[in-house]
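Have a look at the structure below before the remarks.
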Amino acid sequence: MADPRYFSYWGKASSELPPDRAHSPGWHSLAYHCLDVAAVADQYLRRTPALQILLRQSLGNVDEDSLPRWLAFWIALHDLGKFAESFQGQKPDLFQALRDRPPAPGKPYRIRHDSLGWLYWRDILAAQAEEESWFGEGSAEATDGLNWWLRAVTGHHGQPPESSHNFWESHFDRRDDNAAIARFVADLSELLLTDAVRAIPGRLDEEAFEHTSKLLSWWVAGVTVLADWLGSNTDFFPYRTDPQPLSEYWAYARKQARRALQSSGVLPPGRQEELGFSDLFSAIETPSPLQEWVCRADLSAGPQIYLLEDVTGAGKTEAAVMLAHRLMAGGCADGFFIGLPTMATANAMYRRIDQVQERLFVGFASLVLAHGQRKLVDYFAKSVFRPGPDEEDRRQLDETASARCAAWLADRNKSALLAPAGVGTVDQALLAVLHSKHQSLRLLGLLRKVLVVDEVHACDPYMQRVLETLLEFHAQAGGSAILLSATLPERMKQSLLDAFARGRGQAVPRIRESAYPVVCAWHSAAPDLLQETPLATRPDICRELAVRYVSEESEVIVAIEQALAAGKCVCWMRNTVFDALAAHAKFTEKLPPERLTLFHGRFAYVDRLGTEQDILESFGKDSNPKSRAGKLVIATQVAEQSLDADWDLVVSDLAPIDRLIQRAGRLQRHPRDPIGMRLADLAARDQRGTPCLWVFGPAWSDEPHARWFKEFLPKAAGVYPHHGQLWLTAKALRQGSIAMPGGARPLIESVFGPDADIPKGLEANANRAEGERYGQMSEAQRNIVKREAGYVRSDVIDWWSEAKTPSRLGEATTTVVLVRWEGGQLCPWAGYEGGRHAWAYSSLRMAERLIAASFEETDPVRKAAVDQLLLSLPGKGKWSVLLPLDEVAGEWIGKALSRPEEGKAAQEKVWRYSSELGLVEVQAPNDVLSGASPA
């Protein structure tokens with residue numbers, strides 16, 4: 001019979017049990033819960049070859065039985081801090097029943113149990129391990145390395161434990177708690193630590209073991225979080241209190257862990273045999289040169305990185321998917337995640353991947369969209385593990401593991417990283433290497449996947465530095481990467497390649513090839529070779545693109561009106577929402593609503609998806625003359641990337657040359673006849689005449705003054721702050737045409753290259769912009785986790801919530817949730833049945849200077865309704881702003897507070913929302929609100 005001392009400690013408890021478990025005990029033994037979590041880790045490791053390879057090779061080729069035992073031993077200690085009387089005393093009635101005495105009144109629970117566990121190990125158990133030689137004669141020398149395993153497993157709340165607490169020992173009862181821990185650890189050691197397991201630290205010298213443990217701590221932390229969530233699911237691990245030998249319960253827990261993992265959707269899928277390009281993309285009769293290259297490229301067994309540069313419309317997405325498929329079929333990867341610059345681009349990418357996803361894996365493998373359509377989110381909810389019944393007890397100061405799991409899974413942005421196939425914004429991957437809660441779980445989710453990053457050129461200096469860090473981590477763990485871009489400056493390409501190689505402890509040769517299109521490939525198995533392969537591109541997208549640069553808005557409007565009158569479709573891409581709204585207003589009296597579309601980022605997600613779908617139906621690859629003729633879209637940057645739309649005329653505000661090349665990719669994108677019918681022969685030349693990109697910018701000057709751009713487009717001046725690059729772009733456009741693809745590389749280097757000369761009048765601006773660039777890189781350096789430092793909490797940087805960690809810099813933004821008053825009730829703007837996912841679909845992002853806080857309701861009934869609603873929002877509304885809307889004269893109107901400026905109070909602003917215009921500030925709020933009445 002097991003020693004009863006540690007069976008008087010509860011690990012999980014619920015205030016109320018569900019009716020179907022009314023006869024179950026109201027608590028679960030702490031010892032059993034520790035084994036539940038360890039069993040999940042044991043089985044996960046055994047069924048995840050990528051994790052086995054990472055740990056085994058790093059620790060000196062540990063044998064296949066000892067490695068899971070080693071990991072299980074440490075993860076079984078993850079809740080060591082729950083032995084503290086201060087934790088146990090959170091349920092005084094249960095404490096009394098188990099210990100036959102009340103908890104000591106002088107032991108309030110002020111330090112969370114994860115930190116208590118780490119501190120107990122550091123100051124007590126580590127010394128005991130040395131004295132008793134738990135790990136052989138070298139136990140003392142191994143202590144510094146062992147400490148990293150404890151830091152990692154006690155970081156199961158998504159952050160490293162804290163180390164700076166004084167008087168932490170007062171949380172424990174020196175007699176009862178110490179005795180229970182000692183007995184539990186002794187029995188655990190007997191269960192899991194064979195002689196071979198105890199010898200693992202000695203396989204490396206003292207310094208190497210510490211360094212290796214430090215590097216591995218990032219992924220061990222992620223495994224512990226995942227195992228804690230699955231091991232806390234009472235569907236698989238029901239409450240048990242009956243004392244029995246740990247060996248008997250361990251056999252039961254491992255069986256339950258296999259069941260839990262099988263239903264979780266997080267195990268790597270079966271390997272598919274390599275398919276041909278036509279098997280995946282039957283609609284493409286003739287692959288492009290880039291697509292042909294990825295089909296025949298030599299692959300290696302180790303981590304590898306590819307940079308694919310080709311013209312917009314050349315099929316880079318299909319090439320990347322084909323290459324990822326070959327890496328998976330060849331055993332080099334277990335899945336993929338595709339990261340894109342915006343929500344709109346993620347949506348468009350999902351539609352393309354969804355058509356081939358089932359052919360990429362053997363058996364079922366969920367494809368998850370980080371920002372997706374309702375039906376796709378529902379599909380995901382059925383395919384990835386559930387948190388199990390909620391056991392939240394308000395008397396417990398800690399969030400339970402099931403509550404943490406539910407909160408994570410409720411956010412589909414994060415969930416995409418755990419599925420075998422995921423599509424989302426690149427931010428979701430970048431957060432894996434920032435000081436953000438649960439970054440370790442994101443890192444684990446990317447383990448040995450193919451990381452595909454599209455539109456890499458869209459990364460600002462901050463994002464680029466974060467991406468470089470992600471590539472380092474990813475390469476270290478055995479992952480591969482595919483980076484896509486229409487055009488990429490040489491300096492940026494080299495930095496990304498260098499970062500990946502650093503993760504392997506290697507170096508990449510310097511880039512030599514200046515051709516375009518081009519593929520760069522580097523394999524860790526042959527580090528001295530950088531393959532640079534110039535490519536042709538599809539004949540139908542080799543073209544001479546005319547450029548017309550104009551500075552009179554009236555000229556732009558006339559050109560658009562003439563094109564529409566001729567039955568053409570037009571898109572005017574503006575640099576700001578303000579400018580897009582202004583342009584839209586100029587056409588509202590001239591065009592009926594069905595021929596005029598506004599597309600920007602200030603729409604609730606449900607409306608943004610709807611508009612995006614309308615654009616793809618009207619102007620996408622399969623659109624017809626009837627759906628296209630005489631229609632105008634006014635859009636911001638959301639339309640410039642990965643949106644497969646095709647307009648007869650594109651007008652763009654002046655932007656950096658790489659952005660203009662992207663926007664030009666939406667101009668006569670697919671071959672059509674003169675009236676806009678798509679040609680059956682995809683290799684045929686477009687018959688709509690010479691494509692012409694109109695660029696709207698300030699009048700050209702060889703010697704521009706300091707406010708050359710800001711006076712012309714004042715709102716856009718902060719969007720593209722380097723006005724010297726804008727001037728260089730305008731200068732490059734003066735040649736009147738762009739030859740694609742041959743002219744792309746010279747254009748890019750003429751603006752971003754080291755030899756670009758800035759005119760004197762813009763030097764001050766350029767210096768400020770360059771200083772900001774270095775500032776952004778410095779900020780990134782502060783915010784990224786340091787791979788070599790290990791999973792440890794910094795005294796300088798806190799581990800923020802995912803909602804507040806900046807994955808990209810720029811103006812501070814907040815999530816605004818739109819709700820409307822209907823019959824005295826608050827309803828989400830997106831009213832899906834039962835409210836499922838409705839909050840996410842009712843939200844949008846806004847600058848904090850415009851909306852930073854909710855307006856305080858004065859009516860007590862309305863205030864109570866708002867307070868109640870906040871409790872039901874993700875994070876109880878902590879990281880979002882609620883914007884209740886009243887219907888006033890047929891319009892939906894609401895109030896919110898802006899961010900207070902220095903020395904000033906927050907300003908009250910009135911907002912109008914509609915599915916056609918998005919969220920717009922009301923300029924004469926008193927006139928609008930005069931007709932308002934409480935709902």
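Residue 509 in the UniProt record's numbering is what sits at position 509 of the sequence shown, and the numbering runs on without skipping anything. We put the CB at the ideal spot given by N, CA and C, even for glycine.
In this structure V558 is exposed. Its beta-carbon is surrounded by fewer than 16 other beta-carbon atoms within 10 angstroms.
For A257, same chain residues with a beta-carbon under 6 angstroms away, outside a window of 5 residues either side, are A39, V40 and Q43 in chain order.
Around the Cβ of G877, a 10 Å sphere holds 16 or more other Cβ atoms; the residue is buried.
Secondary structure at Q506: coil, using DSSP grouped into helix, strand and coil. Counting along the chain, Q304 sits inside the beta strand (DSSP E) bounded by residues Q304 to E309. Distance from the CA atom of A521 to the CA atom of I482, rounded to whole angstroms, is 9 angstroms. For secondary structure counted as the alpha helix (DSSP H) over 4 or more consecutive residues, the stretch 709-790 holds these complete runs in sequence order: 723-733, 744-752 and 763-783.
Here the alpha carbons of Q291 and E309 stand approximately 12 angstroms from one another. Between the alpha carbons of H113 and K91 lies a gap of roughly 15 angstroms.
Residues of the same chain with a CB within less than 7 angstroms of the CB of S898, apart from the 5 flanking positions on each side, are R849, L850, I851, A852, A906, Q907 and K909 in chain order. Taking C-alpha positions only, G742 is separated from E788 by approximately 42 angstroms. According to the DSSP secondary-structure assignment, I893 is paired through a beta bridge with D886 and R912.
For P691, the CB contacts under 6 angstroms within the same chain, skipping 5 residues up- and downstream, are L545, L667 and Q668 in chain order.
Listed in chain order, the non-local C-beta contacts of Q725 below 6 angstroms within the same chain comprise P656 and V751, local neighbours out to five positions each way being set aside.
With distances taken between CA atoms, G270 lies nearest to G330 out of R502, G330, G676 and M846. Residue environment: N147 is assigned as buried (16 or more neighbouring CB atoms within 10 Å of its CB, all protein chains considered).
Rounded to whole angstroms, E248 and A31 show a C-alpha spacing of 12 angstroms.
Only residues of its own chain outside the window of five on either side were considered, and among them I511, S514, E749 and G753 have a CB closer than 8 angstroms to the CB of E490, listed in chain order. Setting aside the 5 residues that flank it on each side, S524 is surrounded in the same chain by S300, G302, P303, Q304, A475, A501, R504 and Q506, each with a C-beta closer than 8 angstroms to its C-beta; the list follows chain order. Shown here, W647 sits in a strand according to DSSP, grouped into three states. When the Cα atoms are used, V695 and A583 turn out to be separated by approximately 15 angstroms. Here A716 is buried. Its C-beta has 16 or more other C-beta atoms within 10 Å.
In the displayed model, E822 falls within a strand according to three-state DSSP. One alpha carbon belongs to L55, the other to D334, and they sit about 17 angstroms apart.
For the pair R912 and H722, the Cα-to-Cα distance works out to about 33 angstroms.
Under the three-state reduction of DSSP, H438 is assigned to coil, being neither helix nor strand.
Straight across, the Cα-Cα distance linking H211 with S217 is about 10 angstroms. Membership of V633 in the beta strand (DSSP E) is indicated by the continuous run L632 to A635. DSSP places T425 in the strand class (E or B) of the three-state scheme.
Ranking L713, Y720 and L728 by CA distance to the CA of E703 puts L728 first. Residue environment for Q57: exposed (fewer than 16 other C-beta atoms within 10 angstroms of its C-beta). For the set D644, E640, G697 and A629, the Cα lying nearest the Cα of G676 is the one of A629.
The residue from I124, L917, W149 and G761 with its alpha-carbon nearest to that of Y791 is W149.
Considering only N61, W219, E274 and Q687, the residue with the shortest C-alpha distance to P201 is N61.
Residue L818 holds the alpha-carbon nearest to the alpha-carbon of L873 among L818, L598, R768 and F337.
With a threshold of 16 other beta carbon atoms within 10 Å, D298 falls short and is exposed.
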